[in-house]
Amino acid sequence: MEIVTSPYKLAKDSPSRQLLWELGQLAISTQEGFYAHLDRESHEREALHQQALAAATAKHESVRRTAEQYRERLEEQIQADRKRRDDEEQRELERLRREKIEQEIAERKREVERAKTLEFEENRIAEVKRLEKEAVDRRKAARERQDSETAKRQEEERKKAAWQKDEAAAAEVRAREVAVVAQKARSTPVVRAPAPVPVPIPPAQQSVPTTQPIQNTQPEAEHSRYLEIHRALKELRKFMAAQAKQNAQLKGAMGDMRREIRKSVGQLRDGKGANKVQLQTTIETLRKAATIAEPQVDITMFLTSPPQVDDRNGPALLVYLLNIFAKAMIAQFINEAGVKPLIADSLGTVASHIFALDNFRWKGISLIDVLVAKFHVVCPVLFGIYGNERTLEGKRRLGWWREEGGGAFVPEQRHFERMTGLGAGFAGISLKNYEKARPQNPYPDQHYWTSLARIVNVPPQEVTQTHFVVLKGMIENFESKFLHFFGDAAIAALRLSLIELPKRSPPSVAAKSLAGLVDVLKRDKKLIL
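For the sequence shown, the residue numbers in full-length UniProt numbering are 1 to 529.
What follows is the structure, encoded as structure tokens:
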């Protein structure tokens, strides 16, 4: 603060005026210091206020940023929740839509099944009525025929009696005349004619199948014999079950072996060498069974042409397991070869090999009749059996299978798949080349020829779609083997099977499919029939 010198300090005035002036200067100085102090405090408070405002602003900005981040996270969570709810709603709508479609499909299937059941019942009732009408007509015709035959017989007897009476009189006259002639000729020698020379009959030669109907007596007799074998195998299963109840050790071994064979057969595949492990497992299992001598069973019950021997017994467990093996092979032919016929060759190789081995023969005779009996049950068409596909009895004779529990017959498509697999399986077993093999062929190729001939020679009016399907299964994929075994005769048989048979039979999808093999042979085998 500037020090002001009093103007009265050097003046001659009175000291009081000088004091007054100094007091005034002092008051002014004090006021200025006060205001300066206020200004300093004001500046300090302003600085503090500015700092507080800056801190408040920073705090506000931090809170704002935190709130903004929380808001963004909240919005993201809301968006995620909304998307999740939308997805759940979409999935629920999709599930409801699928359930609705499935319900509609199930309802349509039920409607179709009801319609089929109704149609089946109507057909069955119509069939029963038709059979009853035919029975009535037959009885009526039989009575009329019997009355007519009785009247005719009575008339013939009357005429015969009259003729016998006239003939007796004429015979008496001729006897007298012959006696006179004989008396005159007693002295005349009799010249005898030379005995006729018998004409030699040329030996029978192998012939190709003809289109003329053949007598069905032999196929029916063979078929009946194989059905007897099949019934005997069922009795064998009951017998073994009873034996197992009495022998816990036999029960355990029988169960383990049965499961092992079914598992091995179920694992058979297509391809060369693909079934070595399964085949060896089956052979080892059957070898163990062959060593178990008790219980015994009459083996001749399971052979079509048993030898005349005193000892007819053999190990029952071996026959039982061969039956299990045969049943499993038939199932493989149906389920696998029915969809993929090419696998039938590999399956047939395994089946043929098992029944060819000496270990599983009885007195040198193969037990393959066990397997063939099952073919007779599931595919009688292979052996010359035929019937009307439109009747229950006809379907049964053709091998048309029923659902479980003896229900309705399987659908046509499933029936055709079964027949395709069984036809291919039969070819896979019977067209096996054992020229370089040590074992004897258990089912030689002449069985294939006989089967083919019997199908081709079914009377034209009796040929069904089943025959065409089985025939196609037998021929397709096996043409080369057929030609290898039978040469030119096979070509003639193929011409009859693929051209003549469909041509002389009523048109059908199966017949057209069979005839289509002609073009396949021409394209793939360069064989023109």
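From the three backbone atoms N, C-alpha and C, an ideal C-beta is built for every residue, glycine too.
Buried or exposed: where does residue i fall if 16 or more other Cβ atoms within 10 Å of its Cβ makes it buried?
{"i": "VAL297", "result": "buried"}
{"i": "THR464", "result": "buried"}
{"i": "THR343", "result": "In the sequence under discussion, the amino acid at residue 343 is Ile, which differs from the Thr named in the question. Buried: at least 16 other Cβ atoms inside 10 Å."}
{"i": "THR66", "result": "exposed"}
{"i": "LYS374", "result": "buried"}
{"i": "LEU422", "result": "buried"}
{"i": "GLY338", "result": "buried"}
{"i": "TYR448", "result": "buried"}
{"i": "ILE78", "result": "exposed"}
{"i": "TYR226", "result": "buried"}
{"i": "GLY425", "result": "buried"}
{"i": "GLY273", "result": "exposed"}
{"i": "ILE330", "result": "buried"}
{"i": "THR117", "result": "exposed"}
{"i": "LYS395", "result": "buried"}
{"i": "ASN275", "result": "buried"}
{"i": "PHE478", "result": "buried"}
{"i": "LEU317", "result": "buried"}
{"i": "ASP445", "result": "buried"}
{"i": "SER264", "result": "buried"}
{"i": "ALA141", "result": "exposed"}
{"i": "ARG192", "result": "For ARG192, the pLDDT reaches just 31, beneath the cut-off of 50, and the residue's location in the model is therefore unreliable, although a value from the coordinates is still provided. Counting Cβ neighbours within 10 Å, ARG192 comes out exposed, since fewer than 16 surround it."}
Excluding five sequence neighbours on each side, which residues of the same chain lie with their C-beta closer than 8 Å to the C-beta of residue i?
{"i": "GLU284", "result": "none"}
{"i": "PRO194", "result": "Bear in mind that the predicted position of PRO194 carries a pLDDT of just 30, short of 50, making it too unreliable to give a figure here."}
{"i": "ASN313", "result": "GLN296, VAL297, ASP298, ILE299"}
{"i": "LYS251", "result": "ALA244, LYS245"}
{"i": "GLU94", "result": "none"}
{"i": "LYS234", "result": "none"}
Could you tell me which residues DSSP puts in a beta bridge with residue i?
{"i": "ILE365", "result": "TRP362"}
{"i": "GLY314", "result": "VAL297"}
{"i": "PHE416", "result": "Answer is none; PHE416 lacks a bridge partner."}
{"i": "PHE409", "result": "ARG402"}
For residue i, I'd like the list of residues in its chain whose CB is within less than 6 Å of its CB, leaving aside the five on either flank, ordered along the chain.
{"i": "residue 557", "result": "Given a span of 1 to 529 for the chain in the structure shown, any question on residue 557 remains unanswerable."}
{"i": "LEU501", "result": "VAL456"}
{"i": "LYS432", "result": "SER352"}
{"i": "GLU417", "result": "GLY338"}
{"i": "TRP362", "result": "ILE299, GLY314"}
{"i": "residue 530", "result": "With the chain covering only 1 through 529, there is no way to say anything about residue 530."}
{"i": "SER346", "result": "ASP270"}
{"i": "PHE482", "result": "ALA490"}
{"i": "ALA510", "result": "GLN465, PHE468, VAL469"}
State yes or no: is the C-beta of residue i within less than 9 Å of the C-beta of residue j?
{"i": "PHE355", "j": "PRO442", "result": "yes"}
{"i": "LEU321", "j": "LEU371", "result": "no"}
{"i": "ALA427", "j": "ALA453", "result": "no"}
{"i": "THR281", "j": "PHE325", "result": "no"}
{"i": "LEU367", "j": "VAL319", "result": "yes"}
{"i": "PRO315", "j": "MET240", "result": "no"}
{"i": "GLY384", "j": "VAL458", "result": "yes"}
{"i": "THR466", "j": "LEU398", "result": "yes"}
{"i": "GLU525", "j": "SER480", "result": "Reading off the sequence shown, one finds Lys at residue 525, where the question assumed Glu. Result yes, Cβ atoms of LYS525 and SER480 sit closer than 9 Å."}
{"i": "GLY266", "j": "ALA328", "result": "yes"}
{"i": "ALA289", "j": "MET257", "result": "yes"}
{"i": "GLU220", "j": "LEU392", "result": "no"}
{"i": "HIS223", "j": "PRO380", "result": "yes"}
{"i": "LEU236", "j": "ASN359", "result": "no"}
{"i": "GLU336", "j": "LEU382", "result": "no"}
{"i": "MET474", "j": "SER505", "result": "no"}
{"i": "THR304", "j": "ASP369", "result": "yes"}
CB-CB under 7 Å to residue i, same chain, minus the five flanking residues each way: which ones, in chain order?
{"i": "LEU514", "result": "PHE468, LEU471, LYS472, LEU498, PRO502"}
{"i": "GLU476", "result": "PRO341, LEU517"}
{"i": "ILE429", "result": "GLY348, ALA351, SER352, TYR443"}
{"i": "GLU177", "result": "Unreliable placement is indicated for GLU177, whose pLDDT of 47 sits below 50; the coordinate value is still reported in the next sentence. Within the same chain, GLU177 has no close Cβ partners at all."}
{"i": "ASP86", "result": "none"}
{"i": "PHE120", "result": "ALA408"}
{"i": "PRO460", "result": "ARG504, SER505"}
Does the CB of residue i have a neighbour CB from chain C at under 9 Å?
{"i": "GLN267", "result": "The question asks about chain C, but that chain is absent: this structure has only one protein chain."}
Examine the Cβ distances between the region 379-389 and the region 95-102 and report whether three or more of them are shorter than 8 Å.
no
Assess contact between the region 472-487 and the region 406-413, defined as three or more Cβ pairs (one per stretch) separated by less than 8 Å. Is contact present?
no
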